[in-house]
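Same order as they appear, the protein sequences are chains A and B.
Under the numbering used here, the first residue of the first sequence is numbered 2, with each subsequent residue one higher.
Under the numbering used here, the first residue of the second sequence is numbered 2, with each subsequent residue one higher.
Read through the structure below, which is laid out as structure tokens, and then see the notes.
Protein chains: 2
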Amino acid sequence: MMAMDQIVDYINLHRDRYVEELKQYLSIPSISALPQHADDVRRAAEWTATAITEAGLENVRLLETPGNPVVYGEWLHAPGKPTILYYGHYDVQPVDPVNLWTSPPFEPTVRDGEIFARGAADDKGQVFMHIKAVEAFMKQQGRLPVNIKFFIEGEEEVGSMNLDAFVRSHQELLASDVVVISDSPMFDRGVPSICYGLRGLAYFQIDLRGTKSDLHSGSFGGAVANPAFVLANVLAAMKDRSGRIKIPGFYDDVRELTEEERAEWRKLPFNETRYRKELGAPKLFGESGYTTLERVWGRPTFEVNGLLSGFTGEGAKTVIPAVAMAKVSMRLVPAQDPDKIAAQFEAYLKKVCPKTVEVKVTRMQGGKAWMAEFDNKFVRAAGRAIEKGFGKTPVFNREGGSIPVVSTFQEALGVPSVLFGVGLPDENAHAPDEKLDLGNFHNGIIASAYLYDEIAGLT
Amino acid sequence: MMAMDQIVDYINLHRDRYVEELKQYLSIPSISALPQHADDVRRAAEWTATAITEAGLENVRLLETPGNPVVYGEWLHAPGKPTILYYGHYDVQPVDPVNLWTSPPFEPTVRDGEIFARGAADDKGQVFMHIKAVEAFMKQQGRLPVNIKFFIEGEEEVGSMNLDAFVRSHQELLASDVVVISDSPMFDRGVPSICYGLRGLAYFQIDLRGTKSDLHSGSFGGAVANPAFVLANVLAAMKDRSGRIKIPGFYDDVRELTEEERAEWRKLPFNETRYRKELGAPKLFGESGYTTLERVWGRPTFEVNGLLSGFTGEGAKTVIPAVAMAKVSMRLVPAQDPDKIAAQFEAYLKKVCPKTVEVKVTRMQGGKAWMAEFDNKFVRAAGRAIEKGFGKTPVFNREGGSIPVVSTFQEALGVPSVLFGVGLPDENAHAPDEKLDLGNFHNGIIASAYLYDEIAGLT
């Protein structure tokens, strides 16, 4: 215990420096979705490599993929102790609409104990938390209590499309006993949590073309199908009024929630009115017959992520658009298969889309849902670490988001994952004003250090 | 006849110079819909004023409105002869998507006997045609055969919102016997025409808001209504599968086409297959029970002119958009009233839009449909002028587009309009690669000169 007190003292002492260093990391616009940021993405990879080297990891290197490089580093001098594979990502989401940010997304700014920047919570802030936990051990004790491998990728925000092949072709390098991931929010402010389930994802772009070019809506209106209107019809056909998805076969493999799990979730400190007000929604809405938490954690969705067609500037332009585009995605639950869902979606889309337009579907991302075994020893060790770092017993929750690599680790390496996230539900992960609470960042570094210590004690 | 031969010789002699001058006019990006082009709009007004002064008109001036100025000029030295009020507009449509233009929209370029530029057909090219007809008379004879007033506005492409009040408050200045407008296409290449009917317009912007900011579609998907999906539903509710508009009361005031008019239209040289191929549409589509010409000339429409929501860049962003926007418009036929239609549309929209989103409707433009008396003497004079300019008897047609000011002239000045257009149906008036056939431009100048001569003969 003396040893851990020393670590915690070191972390407390360097609190402010960590924030300054984090600001540097967050100032790199490593947006993986936008080709014009390719150099920034690589710069973030190099910054990460330098940071883990300085923290004390060894054999640090960038491992190339067909896309953005993976940053790898290790410390393997604890024979007989478990090996942790720490996974995170250095790439970030796009920032538009950029005019809705209070401070520029890549000029990290602290307001009221929170740091605002793209990537603050998702995921650079949480990656940096683990880097600093490693640093504390290395500076204070010259060693770590466990073996550890850092594995930080640069394509999480574009669907980790190269990761599956990478993991499968580097099974020896990545061999480990447990994967630790800090890329999810805690249940609520002041309610630390361990996440034991994630939804999967199937993301598509739909492109419709009606005519070879935009037409004058007066001269031609009435004679041809309007692809923007056809798109509206096609999207409207995807769900009924009760929120149920109409794609044939979509629910075939959905594992229904058990009464036991639903009962557990009803005990959680969830305030629906406050939730609604924080989102600024006039009314909550979701699939009939399920609570809000059940809808978000345990049920699949169909969402429109983007729409673009015709004239969208100021004023009025009387045009029949030649083309219309939608980005749509489905969140999946156990045991839906993204490939099967993609086939069902594409078949249904082609069925509901009239022959008056040309339709093209592009598959963008896909990943399976994941659930941990509830009584896994690593999950329990993480619970104890969170309790020590935050001074509170964590709750156990599922998450509506997707981290497709969790399934890959399970399947390719046969290794369980522990989701150890310290973000907050209002962190704006994919929206303007993304932020990370600096108190949680600090407690998260301490909890990470305890996690390594707790896992060292498992053997 | 000797006199008119002289005029035609002059026009033939100066053919190439006219094109060079027109290029200057077309190079001014006078886009009235975009505030950043306000200076260009004024520059186009001044250019127009200079051009009509040089042609020989008098008392030329810019008349201010709450928006863009009206260019006015006159020649009133033909006592006992009719007075023509020539109406046109010097503003142009926006140019996006600008990457689809073969040559830049404000760098006028001649290819295969056609001049490509924004405004070539709609309407600068046709305005310039009348300016040059005036010039030919003034240079050759020092006078015009009729009295003429030029009235060129700068807000036609944004709905002429100040024109109605302007016309009503300048009835004396604008007093005349007939309005001549050249802002419509001829029936087909090689088929000159006189247009005797126009559709009206009601244009709206719909803004929906679901939440205060964009949300992560994983963390929140399932809990709230998605405004892009709600928008799709709301738009889909506007028309049934047969193309019929579902807004209650929408068809109440629609004057059904007569069997006689339908029979006349069936005689026109209209090739549906060629029409479809030129548009590049997989299939034509419109209201059941009507032919394509009937749908475009004689039936109302509901069109989506633009859609914007969420992430529309390259790649995938897993976001639930906070807001979703659509621009929509209806083309109206006699005797639908744009105000009544606006009230019906807004009421229906609010009825079909769920309480899960905030909805805002903005009315952007509105104008009544118009139809000429078929045996009007000015219409017949225009027919003879077209025949002399183009060497062919014109057909009589209606047009799907809208020139709201035509109804205003009828109501405020009690004056009939003659629509004397020389564009082509494939002129891309509101689309990339707008163009004007230079043969038609040249014949149009000659026909304009004959029109003045024919109207002079009417007394």
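C-beta atoms are modelled at their ideal positions from N, C-alpha and C, and glycine is treated no differently.
Since the structure is predicted, the reported quantities are computational estimates derived from the model, not experimental observations.
Confirm, please, whether the CB-CB distance from residue j to residue i is below 7 Å.
i	j	result
I8/A	Q141/A	yes
K378/A	L269/A	no
A122/B	E400/B	no
I446/B	M130/B	yes
I195/A	A383/A	yes
E55/A	W76/A	no
L309/B	A233/A	no
I116/B	L437/B	yes
S177/A	F107/A	no
F167/A	Y87/A	no
L452/A	G114/A	no
K284/B	K356/A	yes
L145/A	I404/A	no
G311/B	G307/A	yes
V72/A	A50/A	yes
A34/A	P95/A	yes
T84/A	N163/A	no
A336/A	Y197/A	no
I387/B	A448/B	yes
G223/A	V297/B	yes
D40/B	P30/B	no
G57/A	M139/A	yes
V159/B	G316/A	yes
G402/A	N444/A	no
A413/B	A134/B	no
T409/A	D17/A	no
V128/A	G89/A	yes
P228/B	V358/B	yes
V416/A	N441/A	no
A46/B	L63/B	yes
P105/A	K24/A	no
R385/B	E279/B	no
Below 8 Å on the Cβ atoms is my guess for residue i versus residue j; work out the distance and round it to an integer in Å.
i	j	result
I182/A	F421/A	7 Å
T319/A	A282/B	In fact, because the Cβ distance is near 18 Å, the residues do not count as touching under 8 Å.
L333/B	L202/B	7 Å
G155/A	D92/A	5 Å
I321/A	V225/A	7 Å
S289/A	S243/A	4 Å
G314/A	D97/B	7 Å
D254/A	D189/A	Not quite, the Cβ-Cβ distance comes to about 31 Å (not below 8 Å), so this is no contact.
Using a Cβ cut-off of 8 Å, pull out every chain D residue sitting near residue i, in sequence order please.
i	result
F221/B	Among the chains of the structure shown, chain D does not appear; the protein chains present are A and B.
request  = Using a Cβ-Cβ cut-off of less than 9 Å, list which residues of the region 310-323 of chain A approach chain B; keep chain order.
outcome  = S310, G311, F312, T313, G314, E315, G316, A317, K318, T319, V320, I321, P322 and A323
ask   = Using 8 Å as the threshold, is the region 91-104 of chain A in touch with the region 428-435 of chain A, meaning 3 or more CB pairs across them?
value = yes
ask   = Counting only runs that start and end within the region 398-452 of chain A, where is the beta strand (DSSP E) found for 3 or more residues in a row?
value = 418-420 and 436-438
task = Pair every Cβ in the region 355-372 of chain B with every Cβ in the region 197-211 of chain B, then say whether three or more of these pairs are closer than 8 Å.
result = yes
query = Hey, is the region 342-350 of chain A in contact with the region 257-272 of chain A, meaning 3+ C-beta pairs nearer than 8 Å?
reply = no
message = With three or more beta-carbon pairs closer than 8 Å as the criterion, would you say the region 185-195 of chain A touches the region 298-310 of chain A?
response = no
query = Considering only residues of the region 264-319 of chain B, which uninterrupted beta strand (DSSP E) runs meet the minimum length of 3 residues and lie entirely inside it, listed in chain order?
reply = 302-311
key: Within 8 Å of chain B by C-beta, residues of the region 330-345 of chain A in sequence order   = S330 and R332
request  = Report the residues of the region 382-412 of chain A with a CB closer than 8 Å to any CB of chain B, ordered along the chain.
outcome  = E400, G401, G402 and S403
query = Is there contact between the region 327-344 of chain B and the region 334-346 of chain A, where contact requires at least three CB pairs shorter than 8 Å?
reply = no
task = Could you name the residues of the region 175-191 of chain A whose beta carbon sits closer than 8 Å to any beta carbon of chain B, in the order they occur along the chain?
result = P186
key: Where the region 80-101 of chain B meets chain A: residues whose CB sits under 9 Å from a CB there   = Q94, P95, D97, P98 and L101
key: Members of the region 359-380 of chain A near chain B, C-beta cut-off 9 Å   = E359, M365 and Q366
key: Complete beta strand (DSSP E) runs within the region 309-397 of chain B (minimum length 3 residues, chain order)   = 324-333 and 359-368
task = Let me know the beta strand (DSSP E) ranges lying completely inside the region 181-239 of chain B, each 3 residues or longer, listed in chain order.
result = 194-199 and 201-210
query = the region 259-291 of chain B: which residues have C-beta closer than 9 Å to a C-beta of chain A, in chain order?
reply = Y276, R277, E279, L280, G281, A282, P283, K284, L285, F286, G287, E288 and Y291
inquiry  = For the region 240-255 of chain A, list every residue whose C-beta sits within 9 Å of some C-beta in chain B, in sequence order.
reply    = K240, R242 and G244
message = Runs of 3 residues minimum, wholly inside the region 120-176 of chain A: which ones carry the beta strand (DSSP E) assignment?
response = 148-154
message = At a CB distance below 7 Å, what residues from the region 55-72 of chain A approach chain B? Give them in sequence order.
response = none
inquiry  = To test your reading of the DSSP string, which unbroken alpha helix (DSSP H) runs of 4 or more residues are found completely within the region 82-118 of chain B?
reply    = none
query = the region 145-160 of chain A: which residues have C-beta closer than 9 Å to a C-beta of chain B, in chain order?
reply = E158, V159 and G160
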